[in-house]
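Protein chains in written order, with this note's numbering: chain P, 1 to 185; chain D, 1 to 228. Glycine residues also receive a C-beta, built at the ideal position from the N, C-alpha and C atoms.
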Amino acid sequence: MSVSVATEQRQFTPLMRLFHWLTAALVLTILGIGVAMVASLADYHRLVSIHRPLGILILIVVVIRFVNRHYSTLPPFPATMSPRERSVAPTSELFLYALLVVQPLVGWGMLSAASYPITLYGSIHLFPILPHNVMLYAVLRRAHTVLAYLLFLTFLAHLGAVLFHTWVMRDGTFSRMAPWKVRAQ
Amino acid sequence: MAHAMLNTPVFAVNTPQAFYDRLLAAQPNPTTGKPDPQKMAAFLASHPETVQATKIIQSHPASSGFENSTYYGLNAFWFMDASGRSIPVRWSLAPVQPFAPANTTGPARPDKNYLFDALIAGILQQPLQWHLIITTGQANDPTNDATIPWPDAREQVDVGTLTLDHAESEDTSPCRDINFDPLVLPEGMAPSDDPLPSARSAVYSQSFTRRAGEKKLPSTVTPSEVRK
């Protein structure tokens, strides 16, 4: 084994991995809260009060993450990835980023269009980003649900692909993004 | 903020589940067209708070019109001062117009809109006024149960006057396009542990969303009907 292979970057940078798991935790939490929220009565207000600032937090985290990703060195694709997978990967990654940015913006936009106060915490409010228009609100409210389902399906596809590579092809794909440090073999 | 108020001093139920169960118990039987008395009896048997609240509501005479009725906020909220201390409050609107009891013995009025027409006519004659009365609760006053009145001795503060000097049709008012959410609160106010306002928030959010997406038709009450 040569020295150059042993020191080759096999994992995403620690900061990229931190952003990845932070986003995963936040997104799964907000999806769960969203589902519980629209089905609840007595807890509705409490859940919405968490859902709103959490959505804005995700928007901020994802934007910073995207910038960080742009300036980071990525590990090479695993040798087991087919040419087709390699060509699809950047597009699907970009699609996931787009969903993560668009979904909070749709949430923010729909509250603006309904002329709701956009309360984050206590007296901290966000400014509206769209004019008061209830027809626009109705469209965006529907879009928010559709995008949430799309986000969850994309998450499942992402998880499925990683598990397939890790458990079926046994190519160590998971270790590339593992929260802990994995040494090159 | 938007807040619906009722002309009854307490609410008939204290949880969203009880509200739902009561609706089911009161549902008319499709063949007889009347609710099943056994279902309502079963509901009341398991909801003594509704029996108590109904007694209070029935002992409270209805007024002859909208303009001389007291309106009650029913649910408790918290008021907070600048130092962060908070007190539980309820509120009501007490009419300046003198109370007169509703005629409940005579035959039913054929005109279903007479209460609304009288209110519009009254406003056109002279502005109508109500005092906003804040009732401050004490440590043991329930904040999570709208079926229980607070003791009469609680301090009441007159914090302002509501004046209605004109009415608007839906076509010219901003009411249609906002959600009537009781938990959109100004700074210094917070929801209590009463589960009803949150349930109303949830339900109104649904109905507002459905209404928002509908084609907008002209209001049944035209602007000319509510103006001089």
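Around the CB of H165 of chain P, 16 or more other CB atoms lie within 10 Å, so the residue is classed as buried.
Runs of the alpha helix (DSSP H) spanning 4 or more residues and lying entirely within the region 73-147 of chain D occur at 114-125, in chain order. Within the region 69-132 of chain P, the complete alpha helix (DSSP H) segments at least 4 residues long are 83-113, listed from N- to C-terminus. Within the DSSP bridge table, the entry for Y71 of chain D names D:L93 as partners. At a Cβ-Cβ threshold of 9 Å, A25 of chain D and S63 of chain D do not count as neighbours.
Annotated three-state conformation of M16 of chain P is helix, per DSSP. Membership of M40 of chain D in the alpha helix (DSSP H) is indicated by the continuous run 37-46. Annotation: D21 of chain D is outside any beta strand (DSSP E); the continuous alpha helix (DSSP H) that includes it extends over 16-25. When the alpha-carbon of A167 of chain D is set against those of D:T209, D:S201, D:I123, the nearest one is in D:I123. Listed along the chain, the chain P residues whose CB falls inside 8 Å of the CB of T209 of chain D are Y137, A138, R141. Contacts with chain P at 9 Å (Cβ-Cβ) do not include L217 of chain D. Taken through DSSP and simplified to helix, strand or coil, L162 of chain D comes out as strand.
Taking C-beta separations shorter than 8 Å and ignoring five residues to either side along the sequence, the partners of G34 of chain P in its chain run H51, A148, following chain order. Residues of chain P with a Cβ closer than 9 Å to the Cβ of P195 of chain D are, in chain order, L41, A42, D43.
For G84 of chain D, the closest of D:G188, D:Q58, D:A76 by C-alpha to C-alpha distance is D:G188.
In the structure shown, Q156 of chain D adopts extended strand secondary structure according to DSSP, grouped into three states.
Spatial neighbours of F66 of chain P in its own chain (CB-CB distance under 7 Å, excluding positions within 5 residues in sequence) are listed in chain order as Y97. A113 of chain P is positioned such that its CB atom lies closer than 9 Å to that of H132 of chain P. Collapsing the DSSP output to three states places P28 of chain D in a strand.
Nearest CB-CB separation between N179 of chain D and chain P: below the 9 Å threshold. Per the Cβ contact rule, the region 158-175 of chain P is not in contact with the region 104-115 of chain D (fewer than 3 Cβ pairs under 8 Å). Under the three-state reduction of DSSP, S175 of chain P is assigned to helix.
The shortest C-alpha to C-alpha distance from Q138 of chain D to any of D:A45, D:I120, D:V89 is the one to D:V89.
Along the region 50-73 of chain P, there is no position whose C-beta sits under 9 Å from a C-beta of chain D. For chain D, the residues of the region 93-124 of chain P that bring a beta carbon within less than 8 Å of one of its beta carbons are A114, S115, Y116, P117, G122, S123, in chain order. Your pair L74 of chain D and A146 of chain D checks out as a contact, with CB atoms roughly 5 Å apart and the cut at 8 Å.
Closer than 9 Å to the CB of R170 of chain P there is not a single CB belonging to chain D.
Taking a contact as a CB-CB distance under 8 Å, the pair L128 of chain D and G160 of chain D does not count as one, their CB atoms being some 15 Å apart. Chain P places no beta carbon closer than 9 Å to that of P151 of chain D, leaving this residue out of the contacts.
For A199 of chain D, the uninterrupted alpha helix (DSSP H) run begins and ends at 195-212, by DSSP. Residue burial is scored here from C-beta neighbours: G122 of chain P has fewer than 16 other C-beta atoms within 10 angstroms and is therefore classed as exposed. If you check the CB distance, S201 of chain D and P182 of chain D come in under 9 Å. For the C-beta of P95 of chain D, not a single chain P residue is nearer than 8 Å; the gap to the nearest is close to 30 Å. Among the CB atoms of chain P, none fall inside 9 Å of the CB of S224 of chain D.
Among the CB atoms of chain D, none fall inside 9 Å of the CB of V35 of chain P. One thing to note: L150 of chain P has its Cβ no nearer than 9 Å to the Cβ of W108 of chain P.
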